[in-house]
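A.B. asks:
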Amino acid sequence: MAIRRNDEQNASPRRPTGSGLLGPVTGFARAFGRTAAGMTLDLASGAARLGEATVDTLVGRHRAPGVLRVQVLILRDESGTPLCSADAVRPSLENAGRILQQHAGLRVRVVGVRTVSEIPPPEALDPRANRGLMIDDMLGHTAFYRRHLGAEVNDGVDPGLVAAPITVVVVRNIAGNTTGCSLGISADWVITQSTLYDAANPHSYDETVLAHELGHALNLPHHSDHANLMFPVSSPPQNVRGMALTRWQRAVLQTNRHVVPGRSGDPVDLG
Numbered sequence: 039m040a041i042r043r044n045d046e047q048n049a050s051p052r053r054p055t056g057s058g059l060l061g062p063v064t065g066f067a068r069a070f071g072r073t074a075a076g077m078t079l080d081l082a083s084g085a086a087r088l089g090e091a092t093v094d095t096l097v098g099r100h101r102a103p104g105v106l107r108v109q110v111l112i113l114r115d116e117s118g119t120p121l122c123s124a125d126a127v128r129p130s131l132e133n134a135g136r137i138l139q140q141h142a143g144l145r146v147r148v149v150g151v152r153t154v155s156e157i158p159p160p161e162a163l164d165p166r167a168n169r170g171l172m173i174d175d176m177l178g179h180t181a182f183y184r185r186h187l188g189a190e191v192n193d194g195v196d197p198g199l200v201a202a203p204i205t206v207v208v209v210r211n212i213a214g215n216t217t218g219c220s221l222g223i224s225a226d227w228v229i230t231q232s233t234l235y236d237a238a239n240p241h242s243y244d245e246t247v248l249a250h251e252l253g254h255a256l257n258l259p260h261h262s263d264h265a266n267l268m269f270p271v272s273s274p275p276q277n278v279r280g281m282a283l284t285r286w287q288r289a290v291l292q293t294n295r296h297v298v299p300g301r302s303g304d305p306v307d308l309g
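Throughout, the working numbering is defined as the position within the sequence shown, counted from one, plus 38.
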């Protein structure tokens, strides 16, 4: 049985296209700018949440769970066939919702699950992972994902801003024996392999990977405990990672810029 890993191994790098250093330098500057902006927004969001929690404690108010918006983009293969159905992804979305509700006090609001009509280029359909994906992002090979992030999402929030949804892109294959990958703070999207959602194949079906990658997108690093959601390796069907989160992981999730804070008030009013 092949062991499936996410965020662990890398394929050999693709060679940059184009001439000269202008493209890579521009890409690096763009990626650095996104990372700096994300870090600034996360710090500001964390400070705001800390202030709100302090006031709530002083006046004896409670706060409703925060909300994380998530959308899913399903790609097509070269023949135009969707890589999976919307119904196939829903169990993983529901599992992510249960994990974040139980262990982080957050509600997941799915703002859309749709199939992209445009045929993706090879580098989008079969992307690399980890450092390879980071390099490809700098070289512009992830432009297809970014171009479709805000399409048809009617929540009034543009990608890259506070409270923007995190987009889960379903791709065909991720290089390096990897089933999911996130660029962390520098991106509002993650990639997951379509075989994860094939319930008929117990050796690839894994409902934890989507939630795991959302954790990375919300700034959670890997964790050494196999029972933790952020354990780096998950090998279905017999060695699937756990779903637990620690107190510090909960705090990181609740203060992330993507999370819309819950209403504050009397417990009776909040329901």
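Even for Gly, the Cβ is constructed at its ideal location relative to N, Cα and C.
CB-CB under 8 Å to proline 275, same chain, minus the five flanking residues each way: which ones, in chain order?
C.D. replies: Position 237 of the sequence shown, counted from the first residue, corresponds to residue 275. Pro240, His241, Tyr243, listed in sequence order.
A.B. asks: Among the residues of its own chain, which have a CB less than 8 Å from the CB of valine 290, if the five just before and after it don't count?
C.D. replies: Along the sequence shown, one-based indexing puts residue 290 at 252. For valine 290, where only same-chain residues beyond five positions count, the Cβ hits under 8 Å are Leu256, Asn257, Leu258.
A.B. asks: Who are tryptophan 227's beta bridge partners in DSSP?
C.D. replies: Counting from one through the sequence shown, the residue named residue 227 turns up at place 189. Per DSSP, Thr205.
A.B. asks: Can you tell me whether glycine 104 is buried or exposed? The criterion is at least 16 other CB atoms within 10 Å of its CB, across all chains shown.
C.D. replies: Here the question's residue 104 lines up with position 66 in the sequence shown. That one is buried.
A.B. asks: Which same chain residues end up closer than 8 Å to alanine 237 when comparing Cβ atoms and leaving out the 5 residues on each side of it in sequence?
C.D. replies: Within the sequence shown, the letter at position 199 stands for residue 237. Result list for alanine 237: Ala126, Pro129, Tyr243, in chain order.
A.B. asks: Please classify leucine 221 as buried or exposed, where buried requires at least 16 neighbouring CB atoms within 10 angstroms.
C.D. replies: Translated into positions along the sequence shown, residue 221 becomes position 183. With 16 or more other Cβ atoms within 10 Å, it is buried.
A.B. asks: Compare the C-alpha of threonine 284 against each of Ser273, Ala265, Pro299 and name the closest.
C.D. replies: Taking the sequence shown and counting its residues from 1, the one referred to as residue 284 is at position 246. Selected option, being the one with the closest Cα: Ala265.
A.B. asks: Report buried or exposed for aspartate 174, applying the criterion of at least 16 other Cβ atoms within 10 angstroms of its Cβ.
C.D. replies: Residue mapping note: residue 174 aligns to position 136 of the sequence shown, counting from 1. Label assigned to aspartate 174: buried.
A.B. asks: Take every Cβ of the segment 135-145, pair it with every Cβ of the segment 170-185, and state whether three or more of those distances are shorter than 8 Å.
C.D. replies: At 8 Å Cβ cutoff, the stretches do not touch.
A.B. asks: Beta strand (DSSP E) containing glycine 143: first to last residue?
C.D. replies: To locate residue 143, count along the sequence shown from 1; it is residue 105. It is not in any beta strand (DSSP E) - glycine 143 carries neither H nor E in the DSSP assignment.
A.B. asks: Check serine 272 in the structure and name its three-state DSSP category.
C.D. replies: As a position in the sequence shown, residue 272 is number 234, starting the count at 1. Here serine 272 sits in coil by DSSP.
A.B. asks: Classify glutamate 245: buried if its beta carbon has 16 or more other beta carbons within 10 angstroms, exposed otherwise.
C.D. replies: The count along the sequence shown starts at 1 and reaches residue 245 at position 207. By the 10 Å Cβ count, glutamate 245 comes out buried.
A.B. asks: If we ignore side chains and look at the alpha-carbon of each, how far apart do histidine 260 and isoleucine 212 end up?
C.D. replies: What you label residue 260 is simply residue 222 of the sequence shown in a count that begins at 1. What you label residue 212 is simply residue 174 of the sequence shown in a count that begins at 1. Looking at the two C-alpha atoms, the distance is approximately 19 Å.
A.B. asks: Ordered along the chain, which non-local residues of its own chain (more than five positions away) have a Cβ less than 6 Å from that of histidine 141?
C.D. replies: Along the sequence shown, one-based indexing puts residue 141 at 103. Counting only Cβ-Cβ distances below 6 Å, and skipping sequence neighbours, we find Leu283.
A.B. asks: Report the residue from Met268, Gln287, Arg288 whose alpha carbon sits nearest the alpha carbon of glycine 280.
C.D. replies: One-based indexing of the sequence shown puts residue 280 at position 242. Selected option, being the one with the closest Cα: Met268.
A.B. asks: Just mark tryptophan 227 as buried or exposed, buried being the case when its beta carbon has 16 or more other beta carbons within 10 Å.
C.D. replies: Start at 1 with the first residue of the sequence shown, and residue 227 comes out as number 189. The residue in question, tryptophan 227, is buried, as its Cβ has 16 or more Cβ neighbours within 10 Å.
A.B. asks: Return helix, strand or coil for valine 127, following the three-state DSSP convention.
C.D. replies: Walking along the sequence shown from the start, residue 127 turns up at place 89. Helix, per DSSP.
A.B. asks: List the residues that DSSP assigns as beta-bridge partners of leucine 111.
C.D. replies: What you label residue 111 is simply residue 73 of the sequence shown in a count that begins at 1. Paired residue(s): Arg152, Val207.
A.B. asks: So what does DSSP say about valine 105, is it helix, strand or coil?
C.D. replies: Translated into the one-based positions of the sequence shown, residue 105 becomes position 67. Valine 105 falls in the strand class under three-state DSSP.
A.B. asks: Taking 8 Å as the limit between beta carbons, can you name the residues of its chain near alanine 249, skipping five residues before and five after?
C.D. replies: Mapped onto the sequence shown, residue 249 falls at position 211. Ser130, Asn133, Ala134, Ile137, Leu138, Leu267, Met281, listed in sequence order.
A.B. asks: In the DSSP assignment, what residue or residues form a beta bridge with alanine 282?
C.D. replies: Stepping through the sequence shown from its first residue, residue 282 is reached at position 244. Bridge partners of alanine 282: Asn266.
A.B. asks: Whole angstroms are fine: how far does the CA of valine 298 sit from the CA of glycine 143?
C.D. replies: Taking the first residue of the sequence shown as 1, we reach residue 143 at position 105. Taking the first residue of the sequence shown as 1, we reach residue 298 at position 260. Rounded to the nearest angstrom, the two C-alpha atoms are 12 Å apart.
A.B. asks: Taking the CB atoms as reference points, tell me whether valine 271 and valine 206 lie closer together than 8 Å.
C.D. replies: Within the sequence shown, residue 271 is the residue found at index 233, counting from 1. Within the sequence shown, residue 206 is the residue found at index 168, counting from 1. No, the pair does not count as a contact, with Cβ atoms beyond the cut-off.
A.B. asks: Near arginine 147, which residues of its chain fall below 6 Å by C-beta distance, leaving aside the five closest residues on each side in sequence?
C.D. replies: As a position in the sequence shown, residue 147 is number 109, starting the count at 1. Cβ within range, chain order: Val105, Arg107.
A.B. asks: Where do the N-terminal and C-terminal ends of the beta strand (DSSP E) with glycine 214 fall, by residue?
C.D. replies: Your numbering for residue 214 matches position 176 in the sequence shown. Premise fails: glycine 214 is in no beta strand (DSSP E) and is neither H nor E.
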